[in-house]
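Before any comments, here is the structure.
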Amino acid sequence: MRRRQALSLSALLLAGPLLGQTAPGSTDQPAAPSDDLKRMRSLLEQMQTNLVYLPSGYSAMKHQFELEIDMWRMLLERMERAVPPAKAG
-6 MRRRQALSLS ALLLAGPLLG QTAPGSTDQP AAPSDDLKRM RSLLEQMQTN
44 LVYLPSGYSA MKHQFELEID MWRMLLERME RAVPPAKAG
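The working numbering numbers the first residue of the sequence shown as -6 and each following residue consecutively.
Given below as structure tokens:
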């Protein structure tokens, strides 16, 4: 049951900002991959910051959050390597 709560909470933490905001004046045009990666990096940093505020000591829920942060960090680093750098000018 705790695992389900932890997964639900982490999904909410990740999806909440993405679902609740739209770019001002946006059309149906998708954002550039580099913009998406910047946003994902920001969300990952928020997750890491939020982890600090959990009670100290070991708990299964805290460990699950640590694992999810590690998984998202690895995935994001892989995606950043796959996207070519933005061209200047």
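C-beta: ideal position from N, C-alpha, C; glycine also.
Status (buried if at least 16 other CB within 10 Å, exposed otherwise) for residue i
i	result
residue 61	buried
CA nearest to the CA of residue i, picked from the options
i	options	result
residue 39	72, 77, 71 and 66	66
residue 35	69, 76, 78 and 74	69
Residue span of the alpha helix (DSSP H) that contains residue i, given as start and end
i	result
residue 76	Here residue 76 belongs to no alpha helix (DSSP H), and DSSP marks it neither H nor E.
residue 36	26 to 45
Three-state secondary structure (DSSP) of residue i
i	result
residue 67	helix
residue 12	In this predicted model, residue 12 has a pLDDT of only 47, less than 50, meaning its place in the structure is not dependable enough to derive any value.
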